[in-house]
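Just below is one structure, and these are the notes that go with it.
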Amino acid sequence: MSRRQPTQTAALVDPYREREAKKYAHPIPSREFILDTLNQRGPLSFENLAKCLALAEEYELVALERRLTAMVRDGQLVRNRAQAYCPVNKRDLIAGRVIGHPDGFGFVRPDEGGDDLYLYPKEMRPLFHGDRVIVRIAGRDRRGRLEGALVEILERNTQRVIGRLYQEGGVGFVVPDNKRLVHEVVIPSDRLNGAEQGQIVVAEITDQPTRRTPPIGRIIEILGDHLQPGMETEIAIRAHDLPVAWSPEVEVEIAGLSAEVPESAKAGRVDLRHLPLVTIDGADARDFDDAVYCERKPKGWRLLVCIADVSAYVRPGTALDREARLRGNSVYFPDRVIPMLPEILSNGLCSLKPGVDRLCMAAELYINRSGQITRARFFEAVMRSQAQLTYDQVAALFEGDPELCAQFAELLPHLHQLYQLYQALHVQRVGRGALDFETIETRFIFNEQGRIAAIVPLVRNDAHRLIEECMLAANVAAARQFQRRRLPAIYRVHEAPSGDKRNDLREFLAQLGLKLPGGEEPTTADYARLLAQIQDRPDRHLIQTVVLRSMQQAMYSTDNIGHFGLAYDAYTHFTSPIRRYPDLVVHRLIKHLLAGGKAADLEYTTSELQQIAEWCSGTERRADEATRDAEMALKCEYMQALLGEVFAGTITSVNAFGLFVELDAIYVDGLIHVTALDHDFYHFDPIGYRLIGERTGRVYRLGDRLWVQVAAVNLDERKIDFIPAKPPASAKRLSRSVEKTGRGKAASGRSAASRQKKAQRRQADRSAGGSSDD
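Heads up, the sequence shown is in my numbering, so the first residue is 5 and it goes up one at a time.
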């Protein structure tokens, strides 16, 4: 039975017709108009919808069918049992992405935001983590969570699985390395392709799972033994689908590049080769894409920040450009780098090596004695670095190392001007209220066999901070150019903490007798005042950790909402085009301005820039997850040799299921499961970040110091388990140990004053949009 039809189809007018006419020679109804029509008329068959939209020509019907298919694919429409089209929101249907859990259940994260829907294991049988689906709201569980029932699979996310091969009865099965992929992939005996028991393999899915059958696949790549050096990186590369090989088209393009900059490319550029520009990087740096020079002026300083001109070699629309955009950024593993650009560019033509001519984009900044940028100019230039310095060398030069001072005597005056400029920029940073979290970064040391030998901290000095401030200044100046000229651009943005996170932080601070200043909408400076207020407290590391976890994640966007952590109204990424695609786009936008271009004739639309911003935000997260996986595997390998050893550590996270403890000196985290904590039942206090023993009153809190023993290491699951331990006989007493608060529920009623007296210690593991965002 068909729905009633409108008596005047001609009265239906698509408000988006003009937009569609610009995109198609024969425009068809927009998605918005189709949704509005179905919302008003109810579910309609293809024929009735075509009549309703007054479409009768063959080309119109073909185009409508394609559009409806795309809308079903994108989760905007679904077909009911009568095969009529209806909007997803008309039937309590929700489109979203599946989030798998190692225990077999899962969730659907709605595309349009809102609460996740819980999926029971039976609903997960035909699904992989990452699939896009439509689910129906089926009710709520005992915990009040929305439950989902699978209606349709819109898009399969998993085509290949990386894991370990096992064989039983002639049939193989691959246990995925990614524990969110809860299905073991069955491999028939004739599809093993020579793979052997226990090897790490890549399996291609030939048959996706159903409610009744597991996924079936075939082996397409054998990576080798799971214990061989470098395997953790090989797994991470494939698990996160990181592009590694260069396409034949890219190989053809780079084959046409010369080893050195041709003279013709230098024409028309400002010549900076007479200036003592230098690069300052880590001793093991792989990219040299920025150089600096500073000279004193009557009212302050003239700073030159010169960045490798990648855009001179990577042109829009080329294979190189497509590949760089696909990768989004370079990925830095402990044992290797997956570059965004081929080596002839990243380590050759675009690397600012000393003594050779290089093309660059220069930011010339005039900065007053208060550390404020008073004037900025960007231009294309040619430069020649005078020295490739390391952070440690520059720090030693500042301290007067006689041997280094003699070696770099000609550069010393300019380096000292850089240092004076840094001091002014630092004062300005503090004055505007930028956040600065204490962090510890680590580095893996490998032996000759490629095995991990040690994990050591990276120590930051003033040379690190000097370069950081110079890069921040150049990035801000670039963002201001776009703002002043009203040019669409990609910004690096960082939102203020959400209301819920802010309220949780306030509740936590109240327990310690502290307040977050600033009322309902605290500014960055208010958070900075809080951090300054706690500097002399013994529990400052605990408080800093909680503040850090309340922060949002920085990302790329065309919508300039400012950078909360850095306290900038406008901020972008200009300084690393070798390793970040957004920086390359920013260079192109600046060149557009230098050529006198306007927003109207820009080669990118705002929509295209936003697509790039969203894509690169995703590739950045992908890189973080891949490197974190590899690092955790290396830490597990390292800890295997330390089974049974006792270490002092600090509680870095508290959950209902237990405590995560970071070991002193080696910076490795492991879990003490709640069942390993004494003989008691522990209640989790999410506001106070603590577990409280019901019978003993013992409290384990974020920042507590304790002794632990390495109890178990699981390489396959990348898990390290600790248990509480007694200190060695020769050990010193820890500065803060786990406390008792009294018995029963009364234990949670300690005074804020007594809590303030307990020291906390925890080094933050990353800065949310803070100092690392240069």
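Beta carbons are placed, not taken as given, at the ideal position from N, Cα and C, and that holds for glycine.
Element boundaries [alpha helix (DSSP H), containing residue i]
| i | result |
| --- | --- |
| K357 | Counting along the chain, K357 falls outside any alpha helix (DSSP H), and DSSP gives it neither H nor E. |
| K26 | 21–27 |
| E662 | Inspection of the sequence shows that residue 662 is occupied by Gly rather than by Glu. Unbroken run through G662 is the beta strand (DSSP E), 662–667; no alpha helix (DSSP H). |
| Y395 | 395–402 |
| G435 | 416–436 |
| I258 | 252–259 |
| A410 | 406–411 |
Residues of its chain near residue i, where Cβ-Cβ distance is below 7 Å and the 5 sequence neighbours each way are ignored
| i | result |
| --- | --- |
| L470 | L422, Y423, Y426 |
| E721 | K183 |
| P346 | W250, V254, I258 |
| E225 | V205, V206 |
| G143 | E151 |
| A287 | T394, D396 |
| L513 | K519, L520 |
| L196 | G176, I223 |
Extent of the continuous beta strand (DSSP E) to which residue i belongs
| i | result |
| --- | --- |
| F111 | 110–114 |
| E172 | 164–172 |
| E264 | E264 -> no beta strand (DSSP E), and no H or E assigned at all. |
| Y370 | 361–372 |
| Q713 | 709–718 |
| Y122 | 121–123 |
| R242 | Per DSSP, R242 belongs to no beta strand (DSSP E); it is in the alpha helix (DSSP H), 235–243. |
| V651 | In the sequence under discussion, the amino acid at residue 651 is Phe, which differs from the Val named in the question. That run of the beta strand (DSSP E) goes 650–659. |
| L158 | 150–159 |
Straight-line Cα distance separating residue j from residue i
| i | j | result |
| --- | --- | --- |
| L169 | V186 | 15 Å |
| W711 | A634 | 27 Å |
| W305 | H420 | 12 Å |
| L81 | E452 | 58 Å |
| K26 | I32 | 11 Å |
| V335 | Q487 | 31 Å |
| M555 | C56 | 49 Å |
| K595 | Y531 | 37 Å |
| E445 | Q515 | 30 Å |
| C4 | E299 | What is shown of the chain runs 5 to 778, which leaves residue 4 out entirely. |
| I459 | A478 | 33 Å |
| R21 | I494 | 29 Å |
| D543 | R709 | 12 Å |
| V589 | V678 | 49 Å |
| N43 | D563 | 31 Å |
| N161 | V102 | 9 Å |
| A536 | L324 | 47 Å |
Among the options, nearest to residue i - alpha-carbon criterion
| i | options | result |
| --- | --- | --- |
| M75 | N451, R35, T283 | R35 |
| T576 | A483, R488, Q539, D120 | A483 |
| R496 | C620, I444, E172 | C620 |
| L294 | Q644, E473, L72, S611 | Checking the displayed sequence, the identity of residue 294 turns out to be Asp instead of Leu. The candidate whose alpha carbon is nearest that of D294 is E473. |
| L72 | A58, E62, A88 | A88 |
| R464 | Y671, G176, T443 | T443 |
| Q548 | D689, L706, S611 | L706 |
| V360 | Q392, T322, L646 | Q392 |
| T579 | T162, L48, C310, Y704 | C310 |
| G46 | R83, R326, P358, P106 | R83 |
| D628 | Q411, A599, A240, V92 | A240 |
| E267 | M387, I284, E200, E208 | M387 |
| P213 | R164, D181, L196, N659 | R164 |
| G260 | Q201, I348, H278 | I348 |
Cβ-based neighbour list, residue i, same chain, cut-off 6 Å, excluding 5 preceding and 5 following
| i | result |
| --- | --- |
| A750 | Residue placement at A750 is poorly supported in this model, since its pLDDT is 33, which falls under 50; the coordinates are not used for a value here. |
| R626 | H244 |
| K303 | N372 |
| F412 | none |
| G375 | A428, L429, V431, Q432 |
Cβ shell of residue i (< 8 Å), same chain only, five flanking positions each side left out
| i | result |
| --- | --- |
| T237 | F337, P338, D339, R340, A634 |
| E649 | Q713, V714 |
| A630 | A240, I241, A243, H244, L246, V335, F337 |
| Y28 | A67 |
Whole beta strand (DSSP E) elements within the stretch 34–90, 3-residue minimum: 81–83
Beta strand (DSSP E) runs contained entirely in the stretch 531–596, provided each spans 3 or more residues: 559–561
Ordered list of beta strand (DSSP E) runs contained in the stretch 467–540, each at least 3 residues: 495–497
Segments of 3+ residues assigned as beta strand (DSSP E) that fall wholly inside the stretch 175–218: Taking only runs of at least 3 residues, the beta strand (DSSP E) segments lying wholly in the stretch 175–218 are 175–180, 189–191, 203–211.
Entirely enclosed alpha helix (DSSP H) segments - the stretch 608–635, minimum 4 residues: none
Contiguous beta strand (DSSP E) assignments of at least 3 residues, all confined to the stretch 285–349: 294–301, 304–312
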